[in-house]
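Asks:
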Amino acid sequence: MIMNNNSNNKNIVIWLNISIFFLVIMVMIGGITRLTDSGLSMVDWKPITGILPPLNDTQWADSFNEYKKFPEYKQKNIDMSLSEYKYIYFWEYLHRMMGRFFGLLFLIPFSFFLMLGFLNKKITKHLLLIFVLGGFQGFIGWYMVKSGLVNNPDVSHYRLSLHLFIAFVILAYTYKIKLSLVFYNIKKINNYIFYNKLSQLIIFLLFVQVIFGAFNAGLKTVNIISTFPFYNGMVFPVSKMSINPFWLNFFENNYGVQFVHRYLAFIIVFIISYFTYKINLKSSRIKLESQYVLSLILYQCIFGVLTLISNATIVFALIHQLLAVLTILVMIKINHKMKYI
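Just so you know, we're using our numbering here: the sequence shown kicks off at 10 and counts up by one.
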């Protein structure tokens, strides 16, 4: 629990709410960047000098010529026009600029609050950790892009999942700090120890599901399997899992990765349904939030199926990703709220 002065808390909470909003926007822009195959359009990483995009025809031609040296153009986009290149460049550039913007959105208010004495030592440590995670996230973003600039014109799905996972961690951590400030003067209770642990399990599984969602996106499994409920006519696609050792199929095989993502979704829906039913029998304390999270996870599954059968149509895929964000945030609120009166 982060203790702080009440009047100071209000200003900090406003700042954190704005930060959370832009973090969600950034995650969504990252989703668009991935879905439009824009991530490899910028083939260098210049954290300081790379703020300005190409500003004239000559600079655009130079940028496009640099892009042409790499596998994505040579193997996939050999017929790409300059206008098409500008389109994919826009999304990657916007994504990187959002990262820089968030750095300023953190540093300027943080420095201001620190100088005014609004931040105690404990909250300062938590906020500095977010800043460090943000810097690490920028590095991982480039580390991910770099994996698609060598031989294979697709980024490593492991690096993609790490990039997305850290984004969700930063978002969840920021939201947790905000909740601690909102509930700073409320007594801790131990009435719901079992349900607290169950809610923690749900949050853990949701983060695992995010990782496997990124695996699916990185491997582009919808290009191979886009049918539901079966896998191209198969109930259990064991015959398509040919990687040795066998367990590696669940991390690198299209069928295996999608199998985990689908069945983990069923498990999460079951556990959330059980949690909602049981906690509402015991108390009405989180009745509204538990109903929200149950609705969110059901819609999440629906849009997951729509994303699959539509071959990852951008609208469906983005809604699917947004619902993942909202589901995790509501579960964090439930977990936090059950600890305090």
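Cβ coordinates follow ideal geometry from the N, Cα and C atoms, glycine included.
To the nearest angstrom, how far is the alpha carbon of I27 from that of T336?
Replies: 19 Å
Asks: What does the alpha-carbon distance come out to for the pair T316 and L332?
Replies: T316 and L332: Cα-Cα distance of roughly 13 Å.
Asks: On the three-pair Cβ rule with 8 Å, is the stretch 277 to 296 touching the stretch 316 to 331?
Replies: no
Asks: Measuring only between beta-carbons, confirm whether N199 sits less than 8 Å from chain B.
Replies: Here there is only one protein chain, and chain B is not present.
Asks: Go ahead and label Y264 buried or exposed: buried means 16 or more other beta carbons lie within 10 angstroms of its beta carbon, across all protein chains shown.
Replies: buried
Asks: Is M51 helix, strand or coil by DSSP?
Replies: coil
Asks: At which residue ranges does the stretch 159 to 229 contain complete alpha helix (DSSP H) runs of 4 or more residues, listed in the order of the chain?
Replies: With a minimum length of 4 residues, the continuous alpha helix (DSSP H) runs that stay inside the stretch 159 to 229 are 166 to 191, 202 to 228.
Asks: In this structure, how does DSSP classify M243 when only helix, strand and coil are distinguished?
Replies: Residue state, collapsed to three classes: strand.
Asks: Taking 7 Å as the line, does the beta carbon of K196 fall inside it for any heavy atom of the ligand NAP?
Replies: What this structure holds is no ligand at all, so the ligand NAP is not there to describe.
Asks: Should M35 be labelled buried (16 or more other beta-carbon atoms within 10 Å of its own) or exposed?
Replies: buried
Asks: Exposed or buried, G157, counting other C-beta atoms within 10 Å across all chains shown (16 or more means buried)?
Replies: Buried, by the Cβ-count rule.
Asks: Within 8 Å, do at least three Cβ pairs link the stretch 82 to 102 to the stretch 50 to 67?
Replies: yes
Asks: If you drop the 5 nearest sequence neighbours on each side, which residues of the same chain put their C-beta closer than 7 Å to that of S282?
Replies: So the list reads L303, once near-sequence residues are dropped.
Asks: Taking the alpha-carbon positions, what's the M10 to G222 distance?
Replies: With a pLDDT of 49 at M10, under the threshold of 50, the modelled position of that residue is not reliable, and no figure is offered here.
Asks: Can you tell me where the alpha helix (DSSP H) holding A70 begins and where it ends?
Replies: 66 to 76
Asks: For M37, which residues in the same chain have their Cβ closer than 8 Å to its Cβ, ignoring the five residues on either side in sequence?
Replies: For M37, the CB contacts under 8 Å within the same chain, skipping 5 residues up- and downstream, are L327, Q330, L331 in chain order.
Asks: Looking at C-alpha atoms only, which residue of A226, C310, I198 is the closest neighbour of P238?
Replies: C310
Asks: Taking just the CA atoms, how far does L116 sit from S92?
Replies: 36 Å
Asks: Pull up the DSSP beta-bridge partners for Y349, would you.
Replies: According to DSSP, Y349 shares a beta bridge with K197.
Asks: Name the two residues that bound the continuous alpha helix (DSSP H) containing A274.
Replies: That run of the alpha helix (DSSP H) goes 263 to 291.
Asks: Return helix, strand or coil for N86, following the three-state DSSP convention.
Replies: coil
Asks: Leaving out the 5 sequence neighbours to the left and right, which residues in its chain are closer than 7 Å to Q84 when beta-carbon positions are compared?
Replies: Around Q84: P162.
Asks: Tell me the residue span of the alpha helix (DSSP H) that contains R294.
Replies: Run containing R294: none; DSSP gives neither H nor E here.
Asks: Assuming A274 contacts R43 (C-beta within less than 8 Å), just tell me the rounded distance between them.
Replies: Wrong, their Cβ atoms sit about 20 Å apart, outside the cutoff.
Asks: Could you tell me the alpha carbon to alpha carbon distance between K187 and I276, rounded to whole angstroms?
Replies: 30 Å
Asks: Roughly how many angstroms lie between the CA atoms of P80 and G108, to the nearest whole one?
Replies: 26 Å
Asks: Go ahead and pull the three-state DSSP assignment for M250.
Replies: coil
Asks: Buried or exposed for M124, please, with buried defined as at least 16 other CB atoms from any protein chain shown within 10 angstroms of its CB.
Replies: exposed
Asks: Please report the residue range of the alpha helix (DSSP H) in which L128 lies.
Replies: Run containing L128: none; DSSP gives neither H nor E here.
Asks: Mapping DSSP to helix, strand and coil, what is M10?
Replies: Reliability of the predicted coordinates at M10 is poor, the pLDDT of 49 falling under 50, and the value obtained from them is presented with this limitation in mind. Three-state result, M10: coil.
Asks: Let me know the secondary structure DSSP gives L321 once reduced to three states.
Replies: The identity of residue 321 in the sequence shown is Ala, whereas the question assumes Leu. In the structure shown, A321 sits in coil (DSSP, three-state: anything other than H, G, I, E or B).
Asks: If we count the other Cβ atoms within 10 Å of its Cβ and call it buried at 16 or more, is Q68 buried or exposed?
Replies: exposed
Asks: Report back the beta-carbon spacing between T183 and L25 to the nearest angstrom; my notes put them in contact at under 8 Å.
Replies: Right, the Cβ-Cβ distance comes to about 6 Å (below 8 Å), so this counts as a contact.
Asks: How would you label S257, buried or exposed, when you count the other beta carbons within 10 angstroms and need 16 or more for buried?
Replies: Correcting the residue identity first, residue 257 is Leu in this sequence and not Ser. So L257 ends up on the exposed side.
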